[in-house]
Amino acid sequence: MNEETHVHEHPPEGASSDWTIPQNWDAYSDEEHRVWDTLFERQAKLLPGRASEAYLRGLDVLKLSKPGIPDFEELSERLMKLTGWQVVAVPGLVPDDVFFDHMANRRFVAGNFIRRADQLDYLQEPDVFHDVFGHVPMLADPRFADYLEAYGRGGLRALELGALKQLARLYWYTVEFGLIEEEEGLRIYGSGIVSSYSESQFALEDPSPNRIRFDLKRVMRTDYRIDDFQQNYFVIPSFDELLRVTVESDFAPLYAEILDQPDIAVAELVPGDDIITNGTQAYAKAKAAQM
Ligand code: PHE
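Positions 243 to 533 (this note's numbering) are the ones given, in order, by the sequence shown.
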């Protein structure tokens, strides 16, 4: 999840000035490839009927079911033909402007390391499984591909307008933790959900979290948590509608308006919310009681 606060200012040794590094695919051990395969199998079973059509189509057309950690060059070749995106390796988190600049140029930055076999369920930093399995299938969708490119440009602009926090929330509640309402029901498309065994069930089936129809200003005012399951999920009606209210809209006046308004706390509901699930928050309450 690349939008967290970034620490370094200069690329580390061995990285290019744009912070990219070689993926070094040949260096992965058999054990590391096995970690990918284990994670892949577990998620692939869980996602039909849970993940959005666009995500499942991406998984399929990019041939991500091929065993082992994907080779970014091969993956980029497929992706390039579909939507003009590439996947490039970086050594963990990169500065915001670097992250946005890559995105604005249709380069998706991905970590090249993979979690250890004893960390299958939980990891603070985005590894290659989260970044590739979680994010890349959506990049095969032409609408989502346009959305992320525009987001990259919007990020550079938000830096100038002092609205990074507001724009990062939009990323969080769409790219990372978004839900969509499809004909058959709610589906997940956010990469933080689709790459997580437990959250891909929690986000759809658990009575705890709020599920609220997406409203741009509301989302940009809403805090989020990075340490546990979300307490709010925002539901878009379609990708076309998401693009209509983001790509085709000028955020400058919007930022000016909401920067004066109070933030909305994680589990709070506010007047005007179009609520699908009024969550019990039982999960978060039980967690808090343990502390
Ligand atoms: N339209 C936004 C702006 O004017 C940029 C943006 C596009 C942000 C798509 C997010 C997603 O800044």
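We put the CB at the ideal spot given by N, CA and C, even for glycine. Note that this is a predicted model, so its numbers are computed, not measured.
Own chain residues within Cβ distance below 7 Å of residue i, not counting five before or after
i: residue 385; result: 481, 482, 485
i: residue 252; result: none
i: residue 292; result: 429, 430, 442, 446
i: residue 278; result: 310, 311, 356, 371
i: residue 391; result: 345, 346, 348
i: residue 324; result: 303, 382
i: residue 248; result: Only weak support exists for where residue 248 lies, its pLDDT of 48 falling under 50; the value from the coordinates is given anyway. The residues are 335, 336, 337, 338.
i: residue 435; result: 419, 441, 442, 445
i: residue 406; result: 338, 400
i: residue 523; result: 450, 473, 509
i: residue 297; result: 379, 380, 431, 436
Test item: CB-CB of residue i and residue j under 8 Å
i: residue 331; j: residue 264; result: yes
i: residue 349; j: residue 328; result: yes
i: residue 459; j: residue 501; result: no
i: residue 379; j: residue 301; result: yes
i: residue 489; j: residue 364; result: no
Backbone CA spacing between residue i and residue j [nearest angstrom]
i: residue 214; j: residue 505; result: Examination of residue 214 is not possible in this model, given that the chain is present from 243 through 533 alone.
i: residue 284; j: residue 403; result: 42 Å
i: residue 289; j: residue 442; result: 8 Å
i: residue 397; j: residue 462; result: 13 Å
i: residue 259; j: residue 344; result: 12 Å
i: residue 571; j: residue 437; result: Residue 571 is absent from the structure shown; the chain starts at 243 and stops at 533.
i: residue 373; j: residue 508; result: 25 Å
i: residue 393; j: residue 342; result: 8 Å
i: residue 387; j: residue 530; result: 38 Å
i: residue 408; j: residue 377; result: 21 Å
i: residue 494; j: residue 271; result: 48 Å
i: residue 286; j: residue 448; result: 20 Å
i: residue 528; j: residue 412; result: 28 Å
i: residue 395; j: residue 532; result: 42 Å
i: residue 511; j: residue 276; result: 43 Å
i: residue 416; j: residue 433; result: 9 Å
Residues near residue i in its chain [Cβ-Cβ closer than 8 Å; skip 5 each side]
i: residue 367; result: 334, 335, 353
i: residue 273; result: 359
i: residue 294; result: 422, 424, 429, 430, 431
i: residue 444; result: 450, 451, 471, 525
i: residue 257; result: 263, 332, 333
i: residue 254; result: 333
Same chain only: Cβ atoms within 6 Å of residue i, ignoring 5 sequence neighbours per side
i: residue 267; result: 313
i: residue 340; result: 261
i: residue 414; result: 466
i: residue 320; result: 304
i: residue 369; result: 353, 355, 356, 357
i: residue 515; result: 454
- Query: Counting pairs of beta carbons, one from the segment 410 to 430 and one from the segment 473 to 485, are three or more of them closer than 8 Å?
  - Reply: By the Cβ test, the segment 410 to 430 is in contact with the segment 473 to 485, since at least three Cβ pairs between them sit closer than 8 Å.
- Check whether the segment 454 to 469 touches the segment 503 to 523, taking contact to mean three or more Cβ pairs, one atom from each stretch, closer than 8 Å. Yes, the segment 454 to 469 touches the segment 503 to 523.
- Message: Just to confirm the assignment: which complete alpha helix (DSSP H) runs, minimum length 4, are found wholly within the segment 414 to 460?
- Response: Annotation note: the segment 414 to 460 contains the following uninterrupted alpha helix (DSSP H) runs of length 4 or greater, listed N- to C-terminal: 433 to 436, 441 to 447.
- What residue ranges within the segment 472 to 513 form continuous alpha helix (DSSP H) runs of no fewer than 4 residues, ordered along the chain? DSSP runs (the alpha helix (DSSP H)) wholly in the segment 472 to 513: 481 to 488, 493 to 500.
- Message: Pairs of beta-carbons, one from the segment 265 to 282 and one from the segment 290 to 309, closer than 8 Å: are there three or more?
- Response: As far as the Cβ criterion goes, the segment 265 to 282 touches the segment 290 to 309, which means the pair count is three or higher.
- Message: As an exercise, report each continuous alpha helix (DSSP H) stretch of at least 4 residues that is fully enclosed by the segment 333 to 377, in chain order.
- Response: Counting only unbroken stretches of 4 or more residues, the alpha helix (DSSP H) elements lying wholly within the segment 333 to 377 are 338 to 346, in sequence order.
- Within the structure, which residues are defined as neighbours of ligand 3 by a Cβ-heavy atom distance below 5 Å, reported in chain order? Of the ligands one can find in the structure shown, namely ligand 1, none is ligand 3.
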